[in-house]
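The structure appears right after this line, and notes come after that.
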Amino acid sequence: QVNLVESGGGLVQAGGSLRLSCAASGAIFGMNDMFWYRQAPGKQRELVAAITSSGATHYADSVKGRFTISRDNAKSTVYLQMNSLKPEDTAVYYCNVQRPSWGARQYWGQGTQVTVSS
């Protein structure tokens with residue numbers, strides 16, 4: 023069992039910044055691939071950014087150049103730095119953890135709301 027706790031969401035004006043954090047417990051963090059997803063009202067959950075256990079990153083086209091995913095294995099925490107926020111970034115942001123050896127098993131955090139006003 024892995025527990026994920028997100029924090030850092032809130033209300034920000036367009037052009038502003040937020041940093042989301044996701045603290046993990048219950049597994050060896052450094053072996054995990056970590057993901058940030060988001061879900062806006064009426065839309066499907068979508069992948070925002072990913073970082074593998076080796077540090078390779080991937081971003082959705084919509085956030086490239088604005089968002090940065092990073093991890094601190096010593097703190098078992100993954101971050102999502104979000105700059106130049108747009109109203110269309112408004113969503114509930116979820117942390118997700120997977121590991122190739124787990125197969126289909128994955129864990130989700132409870133989500134944190136990000137609202138960007140125009």
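Residue numbers (this note's numbering): 23 to 140.
Ideal placement from N, C-alpha and C gives every residue a C-beta, glycine not left out.
Taking the C-alpha atoms as reference points, what is the distance between residue i and residue j?
i, j, result
"residue 5", "residue 131", "Any question about residue 5 goes unanswered here, given that the chain covers just 23 to 140."
"residue 51", "residue 81", "21 angstroms"
"residue 133", "residue 49", "20 angstroms"
"residue 95", "residue 27", "15 angstroms"
"residue 77", "residue 127", "21 angstroms"
Considering only the beta carbon of each residue, do residue i and residue j sit closer than 7 angstroms?
i, j, result
"residue 29", "residue 43", "yes"
"residue 140", "residue 45", "no"
"residue 41", "residue 103", "yes"
"residue 135", "residue 119", "no"
"residue 85", "residue 112", "no"
Going along the chain, which residues of its own chain have a beta-carbon closer than 6 angstroms to the beta-carbon of residue i, five neighbours each way excluded?
i, result
"residue 38", "107"
"residue 123", "none"
"residue 105", "39 and 88"
"residue 72", "57 and 80"
"residue 100", "44, 56 and 93"
By Cβ distance below 7 angstroms, which residues in the same chain neighbour residue i in space, the five residues on each side in sequence not counted?
i, result
"residue 74", "55"
Report task. Please go through the segment 60-126 and give each complete beta strand (DSSP E) segment of 3 or more residues, from N-terminal end onward. Result -> 68-73, 79-81, 89-94, 99-104 and 113-120
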